[in-house]
Amino acid sequence: MMDNAVNEIQDINLSYLLLAQRLLKDDYPTALFRLKLDEPLAKVLVSLTAKQLTKLARSNQFLFRLNLDDAGQLEQLMNNKRAGDLGHIHTALLMTSMAS
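Numbering-wise, the sequence shown is residues 244 to 343 according to the numbering used here.
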């Protein structure tokens with residue numbers, strides 16, 4: 244059971260690292276903001292090879308953390324009553340206002 248959890252963590256880590264790298268390559272300034280990364284870390288992530296990303300992903304710990312600091316922030320996002328196409332904009336604004 245524990246091996247399965249570790250495998251899933253590693254899969255998530257690799258998916259996250261690949262996505263982060265792709266976002267940074269596609270639109271660097273926006274990716275810095277969305278991923279809440281500083282430039283030195285972003286530059287290292289962009290420079291990693293597939294082999295290095297895979298090695299890094301093999302950790303038994305998550306390589307990222309939620310951008311929410313407390314339950315109130317999560318409740319704000321979950322109780323977002325905005326309808327239609329404006330919902331994602333409202334969520335983005337809430338997440339931005341939560342950034343430290």
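In this text, a Cβ means the ideal position worked out from N, Cα and C, and glycines have one as well.
Annotation note: the segment 289-318 contains the following uninterrupted alpha helix (DSSP H) runs of length 4 or greater, listed N- to C-terminal: 293-300. Between the segment 256-267 and the segment 280-289 there are three or more inter-stretch CB-CB distances shorter than 8 angstroms, so the stretches are counted as touching. The Cβ atoms of A285 and L275 lie closer than 7 angstroms to each other. Contact check for L296 against L260 passes: the beta carbons are separated by less than 7 angstroms. Within a 10 Å sphere around the beta-carbon of L288 sit 16 or more other beta-carbons, which makes this residue buried. The three-state reading of DSSP puts N256 in helix, counting H, G and I together. Excluding sequence positions up to five before and after Q253, its CB lies within less than 8 angstroms of the CB of A300, R301, S302 and N303, all in the same chain and listed in chain order. In the three-state reduction of the DSSP assignment, L280 falls in the coil class. A distance of 7 angstroms or more separates the beta carbons of N247 and L306.
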